[in-house]
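Colleague: For what it's worth, numbering that gives the first Met the number 0 labels the leading residue of the sequence shown as 0, then goes sequentially. Cβ atoms here follow ideal geometry from the backbone N, Cα and C, with glycine treated the same way.
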Amino acid sequence: MAALAAFALAQVPVRGVLAQLGGGLPGGLEKIIQARELTPDDVEAALKTYVAPGSYDEFLLFASGGQAGNIEVIGVPSMRLIKNIAVFSKDSWQGYGIGDDDSKRLFKQGAAAGKVQEWGDVHHPALSLTHGQYDGQFLFANDKANARIGVVDLRDFKVRQIVKNPLIATNHCGAKLTENSEYYVEGAQFGTPLPFTDFSPMSGYKKDYRGAVTFWPFNRAQGKFEAGKTFTLELPPYYQDLGGMGKKVSHGWVFINTFNAEMATPGALEGKPSMEVQASQREMDYLHVIHWKKAEELLAAGKLKTRLIAGMRVVPIDAAVAAGILYNVPEPKSPHGSDVTPDGRFIVVSGKLDPHVTVFSFAKIQKAIAERTFDGKDDFGIPTIKFDAAVEAQVELGLGPLHTEFDDQGYAYTSMFLDSSINRWTLEKGPRGEKPWSLVEALPVHYNTGHLSVAGGDTTKPYGKYLVSLNKWSLDRATPVGPLHPQNLQLIDISGEKMKLLADAPVVGEPHYAVMAPTKLFKPWKVYPEIGLNGLTLKKSPTATMPGKERIERRGKDVHVYMTAIRSRFIPDRIDVQQGDRVHLHITNVDRAQDATHGFALSAHNINLSMDPGLTVDVDFVADRSGVFPFYCSEFCSALHMEMMGYLTVGKAGSGRAGK
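1. Which residues mark the beginning and the end of the alpha helix (DSSP H) in which Met643 is found?
2. So, helix, strand or coil for Leu426, using DSSP?
3. In the DSSP assignment, find the unbroken alpha helix (DSSP H) run with Ala388 in it and report its ends.
4. Using the three-state DSSP reduction, which class does Gly74 fall into: helix, strand or coil?
5. Which residue comes first and which comes last in the beta strand (DSSP E) that contains Ala45?
6. Going by the CB atoms, is the gap between Ala367 and Ala389 shorter than 7 Å?
7. Between Asp207, Gly131, Ile84, Pro192, which lies nearest to Val150 when the distance is taken from Cα to Cα?
8. How about Asn81 and Val72: are their beta carbons less than 7 Å apart?
9. Who does Gln393 pair with in a DSSP beta bridge?
10. Which stretch, first to last residue, makes up the alpha helix (DSSP H) that contains Glu275?
11. Using 8 Å as the threshold, is the stretch 434-444 in touch with the stretch 388-407, meaning 3 or more CB pairs across them?
12. Excluding five sequence neighbours on each side, which residues of the same chain lie with their C-beta closer than 6 Å to the C-beta of Asn259?
13. If we count the other Cβ atoms within 10 Å of its Cβ and call it buried at 16 or more, is Arg371 buried or exposed?
14. Assign Glu660 to one of three DSSP states: helix, strand, or coil.
15. Name the DSSP beta bridge partners of Leu126, please?
16. Please look up how many angstroms separate the CB atoms of Met339 and Gly243, rounded, as I've assumed it's under 8 Å.
17. How big is the Cα-Cα spacing for Pro235 and Gly68?
18. Just to confirm, is the Cβ distance from Leu614 to Tyr561 under 7 Å?
19. Output the distance between the C-alpha atoms of Phe620 and Arg581, rounded to the nearest integer angstrom.
20. Take the Cβ of Glu282 as the centre, count every other Cβ of all protein chains shown within 10 Å, and call the residue buried at 16 or more, exposed below.
21. Sort out for me which residues DSSP pairs Ser452 with in a bridge.
22. Between which two residues does the alpha helix (DSSP H) carrying Arg104 extend?
23. In this structure, how does DSSP classify Gln201 when only helix, strand and coil are distinguished?
24. What's the C-alpha gap between Pro315 and Ala369?
25. For Lys732, which three-state DSSP category applies?
26. Under a three-way DSSP split, which group does Met0 fall into?
27. Sorted by chain position, which residues of the same chain lie with C-beta nearer than 6 Å to Ala267's C-beta, five sequence neighbours on each side aside?
28. Could you check whether Leu401 and Phe416 sit closer than 7 Å to each other, using their CB atoms as the reference points?
29. Can you tell me whether Gln489 is helix, strand or coil according to DSSP?
30. Distance, Cα to Cα, Leu325 vs Ala502?
31. According to DSSP, what are the bridge partners of Asp617?
32. To test your reading of the DSSP string, which unbroken alpha helix (DSSP H) runs of 4 or more residues are found completely within the stretch 290-373?
33. Run the CB neighbour count on Leu307, radius 10 Å, all protein chains shown included, and call it buried at 16 or more, exposed below.
34. My output table needs one value for Val526: the three-state DSSP class, helix, strand or coil.
35. According to DSSP, is Ala260 helix, strand or coil?
36. Assign Met610 to one of two classes, buried (16 or more other C-beta atoms within 10 Å of its C-beta) or exposed (fewer than that).
Pasting the structure below:
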């Protein structure tokens, strides 16, 4: 095996592989290497990404599922899919949104403009923070399409809350958290009237449309947002994009970039140029610099003017400016990244149409504010800090810079959409003696990378070691499966002097951002701590049923079924009702064995439940059709799984109880 290790580390042409081995490999490996024409780099990558059967990955990657509305949990370095967390979209495997009362309640909480939304567009997951570092307790996700936020409890990797921002139609600046998860920060994407349900013609865009950023206070003990303490800052109707949260020295501030400072509006059929042309006329857009901590303090003291809009406290632009909590800094056109260094001293922004990343100094921004080094105001009265007064450096990287993350060595990494590369560069000091603020290396990726994720790369103490490039196009990287291609995630080793591509991982949905943290950080339950817990409250359910207490109770037209599920039976296993009855099923999984999840699939009723060990799940429906409808366990749970079934019999209205 020593020869195998030497081989894995060798950097020799493929024809020299067998000579390098010296015949020292265990039987059959030489033939495999030769038959597959593997290079030493290939074998090194295979060894680095191999996780033996029964072993665990070192890291977990939480990748947004984009328009699939979910979050994919992927092991690193194996790049194996471990779990799909349904957040904004239905998932019949998990019984999410397929009949049960709890997920119905979640979807109803997230209704937009009075309509329940059954899909979402997840862009930016975020892990809860303590002192700026991941703590493994909660996961947050935004829904760009409907301005919603989902809270996932990492004790069971399930959604506890969905909230809808009533002010804005869409969001993009999210999920972003302050250093101790005091607030979740949600910025609007596209300008609308506030609230978005008010109508105003596009001709009045500058006058009547606005952006916004909302600060949602998070109650960690409850695992929920405290809506009554939420506050929002009104912003100009530029398109707010991503936000970088202040860290350490810059804690208390948030930096949100914008595009479309032109305030262009669509009108292709009226002869207007396309939005991509209209919104790219200026050389500079604006970075909003917001002192949220001061806003919090002034609001608590009753010293900051607010208006109540759609039940939300909103600080008008003029009040924010007067209080010294809102400023602008010019930034190169069409920016798409705002990322704060681990020490909080610098803010890195990327202009999609600028070959540089621009690095702003927090200290210089503070000095400019104190000395009022402004270049006038924007159209809404917001002071604009002089560009040169705030800039620390500009680093030329290439075409299409987007997002930046940081490692444990002191390097920054930026995704290059047009160049299809991940570029490593230095901050104010090169870790290996390189020139400060300079490009070190560009590694090709496949293809058109969007976001990137370094382990802990958005925290105050990155873990480094691995980077995942979340590429938008896969083209020829995966076996063809039709015109709709998978997205392609690529795992990169960043621990050494040179970056090394290790693996491709085709995935579904469209991952945008992802966060990566050590597996050992998470302490999820294997079974729920007691029998009969409600899945949303994690408290004892009032409908929990213990063995021996199963029953059917008729209350007028309402039929309540108190059922238990255990390998391999439902009790009761026959439910006789009459057409028009409302049936309430209360099913408790009384199994205590790990992995003994039960399903409940009811024919012809669009119902499939999933009950992990200890959970009580409720569902109600009207038995509006007569007939005989089998139900069964949809999760293969035991050798006699096929026998875990029963019947719902529905007699015709007026004919008496079915089954009698």
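Modeller: From the atom records:
1. Position 644 of the sequence shown, counted from the first residue, corresponds to residue 643. Element bounds for Met643: n/a, residue is neither H nor E.
2. Here residue 426 refers to the residue found at position 427 when the sequence shown is read from its first residue. If DSSP states are grouped into helix, strand and coil, Leu426 belongs with coil.
3. Position 389 of the sequence shown, counted from the start, is the residue given in the question as residue 388. First-last of the alpha helix (DSSP H) with Ala388: 386-389.
4. Here residue 74 refers to the residue found at position 75 when the sequence shown is read from its first residue. Strand at Gly74.
5. Position 46 of the sequence shown, counted from the start, is the residue given in the question as residue 45. Segment 39-48 is the alpha helix (DSSP H) holding Ala45; no beta strand (DSSP E) there.
6. One-based indexing of the sequence shown puts residue 389 at position 390. One-based indexing of the sequence shown puts residue 367 at position 368. Yes. Within cutoff.
7. In the sequence shown, residue 150 corresponds to position 151, counting from 1. When each option's Cα is compared against that of Val150, the closest is Ile84.
8. As a first step, residue 81 must be located in the sequence shown, where it is residue number 82. As a first step, residue 72 must be located in the sequence shown, where it is residue number 73. According to the sequence displayed, residue 81 carries Ile and not Asn. In this structure, Val72 lies closer than 7 Å to Ile81 by Cβ.
9. Position 394 of the sequence shown holds residue 393. Beta-bridge pairing links Gln393 to Thr357.
10. Reading the sequence shown from its first residue, position 276 is the one you call residue 275. Counting along the chain, the alpha helix (DSSP H) containing Glu275 begins and ends at 274-277.
11. yes
12. Within the sequence shown, numbered from 1, the residue matching residue 259 stands at position 260. Hits under 6 Å: Tyr237, Tyr238, Ala278.
13. The count along the sequence shown starts at 1 and reaches residue 371 at position 372. Result: exposed.
14. As displayed, the chain neither begins before 0 nor continues past 659, which places residue 660 out of reach and without an answer.
15. Along the sequence shown, one-based indexing puts residue 126 at 127. Paired residues: Leu138.
16. Along the sequence shown, read from residue 1 onward, the residue named residue 339 stands at position 340. Along the sequence shown, read from residue 1 onward, the residue named residue 243 stands at position 244. Going by the sequence as given, residue 339 is Val instead of Met. With 8 Å as the limit, Val339 and Gly243 qualify as a contact, their Cβ atoms being about 4 Å apart.
17. Looking up residue 235 in the sequence shown gives position 236. Looking up residue 68 in the sequence shown gives position 69. Roughly 29 Å separates the two Cα atoms.
18. As a working note, residue 614 is residue 615 in the sequence shown. As a working note, residue 561 is residue 562 in the sequence shown. Cβ distance not < 7 Å, so Leu614 and Tyr561 don't count as in contact.
19. For the purposes of this step, residue 620 is identified with residue 621 of the sequence shown, where counting begins at 1. For the purposes of this step, residue 581 is identified with residue 582 of the sequence shown, where counting begins at 1. About 6 Å.
20. Residue 282 sits at position 283 when you count from the first residue of the sequence shown. Exposed is the call here.
21. Counting from 1 along the sequence shown, the entry for residue 452 is found at position 453. Paired residues: Val467.
22. As a first step, residue 104 must be located in the sequence shown, where it is residue number 105. Residues 100-108.
23. Within the sequence shown, numbered from 1, the residue matching residue 201 stands at position 202. Sequence inspection shows Met at residue 201; the Gln mentioned does not correspond to that position. If DSSP states are grouped into helix, strand and coil, Met201 belongs with the helices.
24. Stepping through the sequence shown from its first residue, residue 315 is reached at position 316. Stepping through the sequence shown from its first residue, residue 369 is reached at position 370. Those two C-alpha atoms are separated by around 23 Å.
25. The chain is shown only over 0 to 659; residue 732 falls outside these bounds and no answer can be derived.
26. Here residue 0 refers to the residue found at position 1 of the sequence shown. Low confidence applies here, because Met0 scores a pLDDT of 42, under 50, leaving its location unreliable and the question unanswered by this model.
27. Residue numbering aside, residue 267 sits at position 268 when the sequence shown is read from its first letter. Correct list: empty, nothing qualifies.
28. Locating residue 416 in the sequence shown gives position 417, where the first residue counts as 1. Locating residue 401 in the sequence shown gives position 402, where the first residue counts as 1. Contact: yes.
29. Looking up residue 489 in the sequence shown gives position 490. If DSSP states are grouped into helix, strand and coil, Gln489 belongs with the strands.
30. Position 326 of the sequence shown holds residue 325. Position 503 of the sequence shown holds residue 502. About 44 Å.
31. Counted from its first residue, the sequence shown places residue 617 at position 618. Answer by DSSP bridge pairing, in chain order: His585.
32. 291-299, 316-321, 361-369
33. By 1-based counting over the sequence shown, the position of residue 307 is 308. So Leu307 counts as exposed.
34. Within the sequence shown, numbered from 1, the residue matching residue 526 stands at position 527. Three-state result, Val526: coil.
35. Walking along the sequence shown from the start, residue 260 turns up at place 261. Of the three classes helix, strand and coil, the one that applies to Ala260 here is coil, per DSSP.
36. Translated into positions along the sequence shown, residue 610 becomes position 611. With 16 or more Cβ atoms within 10 Å of its Cβ, Met610 is classed as buried.
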